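Participant:
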Amino acid sequence: MLYMELFGGAKNAFIFFNAYFKTVSDEFGVQKALDLNTKMSEELAAKQGKLMKEKAVTNQFDAKAAFSQLTTIHESLGMGVDPDTQSNFSVIFQIERCPIYEAAKIIGIDPEQFCRSGPLVFLNKVAKELNPNLSYELMKYRKDKDDNCKHQILLK
């Protein structure tokens with residue numbers, strides 16, 4: 121029940137943010153809106169990553185340790201996280217429900233384009249703040265709200 125409440129709240133917040141994104145896009149062009157989304161995501165992630173690293177019980181972040189930190193972000197948005205494979209060098213997992221996707225569809229913006237310019241940039245930057253040798257990658261994007269995305273955290 122709690123995850124569905126978190127999901128609903130996150131979806132409502134992303135509806136507001138996506139409405140703003142669409143307004144910027146309509147006024148200044150899609151590419152400018154995407155560029156600003158990327159810039160904001162990188163700046164916010166640098167701060168978030170530093171805070172996570174300061175509060176963590178370890179300073180050694182491999183893929184598994186980063187996964188445990190980064191899933192707190194997903195869970196705070198009510199997303200379902202389902203790990204497929206885990207090792208110190210790679211964690212592959214699926215995101216089941218996504219408030220970002222659903223909010224983008226409601227507002228009428230391209231959810232994959234929005235996600236690639238913002239949330240995925242954010243998560244990759246947070247991972248790199250934890251360990252510069254980590255990357256957070258999208259392996260598969262969902263086809264619809266009932267599908268899932270597949271992600272990977274990789275230690276190079």
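Note that the numbering used here gives residue 173 to position 53 of the sequence shown, counting from 1, and the numbers run on in steps of one. Beta carbons: idealized from backbone N, C-alpha and C, even for Gly. The model shown is predicted, which means the values in this text are computed figures rather than measured ones.
Roughly how many angstroms lie between the CA atoms of residue 167 and residue 265, to the nearest whole one?
Facilitator: To locate residue 167, count along the sequence shown from 1; it is residue 47. To locate residue 265, count along the sequence shown from 1; it is residue 145. One C-alpha to the other measures close to 30 Å.
Participant: Quick one: give me the first and last residue of the beta strand (DSSP E) that residue 269 is part of.
Facilitator: Start at 1 with the first residue of the sequence shown, and residue 269 comes out as number 149. First-last of the beta strand (DSSP E) with residue 269: 269-275.
Participant: Decide yes or no for the touch test of the segment 151-161 against the segment 169-177: beta carbon pairs closer than 8 Å, at least 3 of them.
Facilitator: No, they do not touch.
Participant: Between the beta-carbon of residue 223 and the beta-carbon of residue 135, is there less than 7 Å?
Facilitator: For the purposes of this step, residue 223 is taken as residue 103 along the sequence shown, with counting starting at 1. For the purposes of this step, residue 135 is taken as residue 15 along the sequence shown, with counting starting at 1. Taking 7 Å as the Cβ cut-off, residue 223 and residue 135 qualify as a contacting pair.
Participant: Across the segment 226-243 and the segment 202-216, are there enough close Cβ pairs to call them in contact, namely three or more that are closer than 8 Å?
Facilitator: Counting Cβ pairs under 8 Å, fewer than three are found: no touch.
Participant: Going by the CB atoms, is the gap between residue 275 and residue 254 shorter than 7 Å?
Facilitator: Taking the first residue of the sequence shown as 1, we reach residue 254 at position 134. Taking the first residue of the sequence shown as 1, we reach residue 275 at position 155. Contact: yes.
Participant: Given a cut-off of 7 Å, decide if residue 198 and residue 126 are closer than it, judged by their beta-carbon atoms.
Facilitator: Locating residue 126 in the sequence shown gives position 6, counting from the first residue. Locating residue 198 in the sequence shown gives position 78, counting from the first residue. Closer than 7 Å, so yes.
Participant: Quick check on the DSSP output: what are the complete alpha helix (DSSP H) runs of length 4 or more inside the segment 125-197, in order along the chain?
Facilitator: Taking only runs of at least 4 residues, the alpha helix (DSSP H) segments lying wholly in the segment 125-197 are 150-175, 183-196.
Participant: Identify whether residue 209 lies in helix, strand or coil by the three-state DSSP scheme.
Facilitator: Taking the sequence shown and counting its residues from 1, one reaches residue 209 at position 89. Residue 209: coil per DSSP, three-state reduction.
Participant: Can you list, in chain order, the residues of its chain with a C-beta nearer than 8 Å to that of residue 184? Leave out the 5 residues immediately preceding and following it.
Facilitator: As a working mapping, residue 184 is identified with position 64 in the sequence shown. The answer, listed in chain order, is 206, 207, 208, 211.
Participant: In angstroms with no decimal places, state the Cα-to-Cα distance between residue 169 and residue 245.
Facilitator: As a first step, residue 169 must be located in the sequence shown, where it is residue number 49. As a first step, residue 245 must be located in the sequence shown, where it is residue number 125. Taking the straight line from one Cα to the other gives about 7 Å.
Participant: On the three-state DSSP scale, how would you describe residue 78?
Facilitator: Residue 78 is absent from the model: the chain starts at 121 and stops at 276.
Participant: Whole angstroms are fine: how far does the CA of residue 195 sit from the CA of residue 123?
Facilitator: In the sequence shown, the residue the question calls residue 123 occupies position 3. In the sequence shown, the residue the question calls residue 195 occupies position 75. Going from the Cα of residue 123 to the Cα of residue 195 covers about 7 Å.
Participant: I'd like to know whether the C-beta atoms of residue 273 and residue 256 end up nearer to each other than 7 Å.
Facilitator: Looking up residue 273 in the sequence shown gives position 153. Looking up residue 256 in the sequence shown gives position 136. Yes. Within cutoff.
Participant: Determine the direct distance from the alpha carbon of residue 146 to that of residue 216, and round the result to whole angstroms.
Facilitator: Working through the sequence shown from its first residue, we reach residue 216 at position 96. Working through the sequence shown from its first residue, we reach residue 146 at position 26. C-alpha separation (whole angstroms): 30 Å.
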